[in-house]
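Residue numbers (my numbering): 23 to 327.
Presented below is the structure to which this report refers.
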Amino acid sequence: LEATLRSSPHDRTGPAAGRGSRPDDKFLIPDKRWSVDLEKRIQEEHYADLAAYDRRYGFNLASGREIFVIDTPPPYPSGTWHIGAVAQYSMIDMIARSQRLLGKEVYFPWGVDRNGINIEFTVEKNNGGRKMKTYDRAEFLRMCADTIEGFTQAMRKTATRTGLSCDFAKEYRTDSARYRTVTQAVFLDLFKRGDIIEELRPNNFDPIEGTTIADAEVERVQRKTQLVDVIWSLAEGGEELIISTTRPELICACGVILVHPDDSRYRHLVGKEALLPPPFSQRRIEIRTHDSVKMDFGSGVLMVC
């Protein structure tokens, strides 16, 4: 068909070559080659009738159909939504659409995680590095809300441009009073059932910000440091054992001492116990073997914390 339409003008003979002889334009198939303008037009038509959109993609609990709920992790609007997140949600959208085609009542929620330390850092950065604690609490919260609102709207715009079939009309935000009420009720229920425990365990602590932080927020930097020789004593006999380490602050968390099975210097110590050095409690730490221990590093003895 394309070859026929694009044939040489010299082949156009007779009345058919004239403009006035063309059929009514309502029968003309529009050119649908991709372009930015075409994509914008499709997006505008897709969301032009919000009531129709909600009927198509909104969740209706009273529909009587089998319910299919997608538990989506709410994205965190700390900046531009990166391509990896867009690709992930596009794959989730495929699942939602396929389940609708199977006749199910699909709930594909759209929510935004508006809590976290990142937005606090963003506000500080945008205001010349001025720290949160130097502001009035209410003022800083307002600044955070204003900043994250811009990110929220930009993320929602990206989601709609991607064509996600979420239930945008039921958008939830993790900093809303209703959402906090629900989450607090869930945590209280878990606590009453004994499913929440309190334990003493290592955490990442930021001494400048005065708060714990997640592993994803830790920036690991390699630097030169000192190799410290720590003197341990055996629990029986009083023999001294030197462990070389760059992290002496972790001694109190030591769980086992390792030596290489082929290291003749320590073969007589395998199976025995060493005492945690003072001023820590005299906890007994077993000495065992492992092939990963480097005999030529430090004293050749490794503490595992």
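We treat Cβ as the ideally placed atom computed from N, Cα and C, and that holds for glycine.
| query | result |
| --- | --- |
| Tell me the residue span of the alpha helix (DSSP H) that contains ASN140. | 139-148 |
| Would DSSP call ILE253 helix, strand or coil? | strand |
| Using 10 angstroms around the beta-carbon of MET177, count the other beta-carbons present and answer buried if the total reaches 16, otherwise exposed. | buried |
| What do you reckon, are the CB atoms on ASP189 and PHE130 nearer than 8 Å? | yes |
| Here's the rule: buried if 16 or more other CB atoms are within 10 angstroms of the residue's CB, otherwise exposed. What is TRP56? | exposed |
| Count the other CB atoms within 10 Å of the CB of MET325; is the residue buried (16 or more) or exposed (fewer)? | buried |
| Locate the beta strand (DSSP E) running through ASP228, then write down its first and last residues. | 226-228 |
| Can you check whether the CB of PRO224 is closer than 8 Å to the CB of VAL252? | no |
| To the nearest whole angstrom, what separates the beta carbons of VAL323 and ILE279, a pair I think is in contact under 8 Å? | 6 Å |
| For GLU24, which residues of its own chain have a beta-carbon under 8 Å away from its beta-carbon, when the five flanking residues on both sides are left out? | For GLU24, the predicted model reports a pLDDT of 38, less than 50, meaning its position is unreliable and no value from the coordinates is stated. |
| Who are THR234's beta bridge partners in DSSP? | PHE227 |
| Just to confirm, are THR169 and ASN148 a CB contact at a threshold of 8 Å? | yes |
| Taking 8 Å as the cut-off, decide whether the C-beta atoms of LYS294 and ILE307 are in contact. | no |
| Please state whether DSSP places LEU297 in a helix, a strand or coil. | strand |
| Going straight from the alpha carbon of GLY80 to that of ALA109, what length do you get? | 22 Å |
| Less than 8 Å between the C-beta atoms of THR311 and HIS290, yes or no? | no |
| Using the Cα positions of ARG287 and SER321, report the straight-line distance between them to the nearest angstrom. | 10 Å |
| Which residues in the same chain as GLU142 place their Cβ atom closer than 7 Å to its Cβ, once the five residues preceding and following it in sequence are excluded? | MET154, CYS166 |
| Considering only the beta carbon of each residue, do VAL333 and PRO95 sit closer than 8 Å? | This structure cannot settle anything about residue 333, because the visible part of the chain is limited to 23 through 327. |
| If you check the beta carbons only, do ASP197 and ASN137 fall under 8 Å apart? | yes |
| Can you tell me whether DSSP reads THR267 as helix, strand or coil? | strand |
| Would you report the Cα separation of LYS316 and GLU241, rounded to the nearest angstrom? | 27 Å |
| By alpha-carbon positions, which one of ASP158, SER187, ARG159 ends up nearest to MET116? | SER187 |
| Report all residues from its chain with a CB closer than 8 Å to the CB of LYS126; omit the five preceding and five following residues, and keep chain order. | ARG87, GLU88, ILE89, PHE90 |
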